[in-house]
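Presented below is the structure to which this report refers.
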Amino acid sequence: MKELLDTFFRRLEIREPDLQQKIHQHATVTHHLDKDSIIRAGEYIKVLRILLDGKVRVFQESEDREILIYYLSPMETCTLSLSASLGDCISTVSAQVEDHAIVLNIPVHYVKDWVNLYPSWNNFTLHTFRHSYDVLMDRYAKLAFTTLHERLVEYLYQEAKTQNAQTLYMSHQQIANELGTTREVVSRLLKKLEKAQRVKLGQKAIQIL
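The sequence shown runs 93 to 301 under the working numbering.
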């Protein structure tokens, strides 16, 4: 835990010895597996969860559909959960682990107190809100100014690049959840891409041509 927290302090530039000591004293580190739920919509936020390692998917559910909000990378926290913890509100989003995650858990009453007591913690809070705003504005721009067909193509090529693979093993429903649409729409668009010889479809597999 000490090594993880030392990295956390260095990456977030938390230099106040008193704050470092309090985090060591009051925070816990938990390990999570693929598909573990770490935030549930409709529940009060009791601890602020900061991702130390791994990947977490933040989303909302509406009418039996999942709508991706954003992904968390190491040293990030969910802005909507941060806002809920500062305002003593319930979470409006859910968060699920992708592959694995190591999470730092800080009780919310410390989160609120530290904003006023420690400049580095206040900076972390402000940076979190700014970064989230930029991410959400980028997603809004893509939704407003690009077609679903274009977003699907971009998503497939980005996933191929991220995974360093020409074949993606995922269901049409998974892709629909990422793009905020239905499985039927994704299937129809993928068939058009296959007809155009840009992809080859298999059983839960998509080969990029």
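Heads up, the beta-carbon is just placed ideally off N, CA and C, and yes, glycines get one too.
Only a predicted model underlies this, so the values are computations on that prediction, with no experimental measurement involved.
Next on the checklist: Output needed for Leu281: all residues of its chain with C-beta closer than 6 Å, excluding positions within five of it in sequence on either side, in chain order.
Outcome noted: Result list for Leu281: His241, Leu244, in chain order.
Item to check | For His116 and Leu143, the rounded distance between their alpha carbons | outcome: For the pair Leu143 and His116, the Cα-to-Cα distance works out to about 16 Å.
Checklist entry - Going by DSSP, which residues form a beta bridge with Gly134? => result DSSP lists no partner for Gly134.
Checklist entry - Pick from Ser263, Gln152, Leu293, Ala119: whose alpha carbon is nearest that of Ile131? => result Ile131 has its Cα closest to that of Gln152, out of Ser263, Gln152, Leu293, Ala119.
Checklist entry - Got a sec? Which residues, its chain only, sit under 8 Å from Leu111 by beta carbon, not counting five neighbours each side? => result So the qualifying residues of the chain are Trp206, Leu209, Tyr210, Ser212, Trp213.
Checklist entry - Leu174: which of Ile106, Ile267, Ser183 sits nearest, CA to CA? => result Just measuring C-alpha positions, the residue of Ile106, Ile267, Ser183 sitting nearest Leu174 is Ser183.
Item to check | Coarse secondary structure for Thr171, derived from DSSP in three states | outcome: It is helical.
Checklist entry - CB-CB under 6 Å to Leu285, same chain, minus the five flanking residues each way: which ones, in chain order? => result Within the same chain, Leu285 has close Cβ partners Val291.
Item to check | Boundaries of the beta strand (DSSP E) in which Pro199 is found, first to last residue | outcome: Note, Pro199: beta strand (DSSP E), 186–199.
Checklist entry - Assuming Val200 and Leu293 make a contact with CB atoms under 8 Å, what is their CB distance in whole Å? => result Val200 to Leu293, Cβ: 46 Å. No contact.
Checklist entry - For the alpha helix (DSSP H) that contains Glu242, what are its first and last residues? => result In the DSSP assignment, Glu242 falls within the alpha helix (DSSP H) that extends over 240–255.
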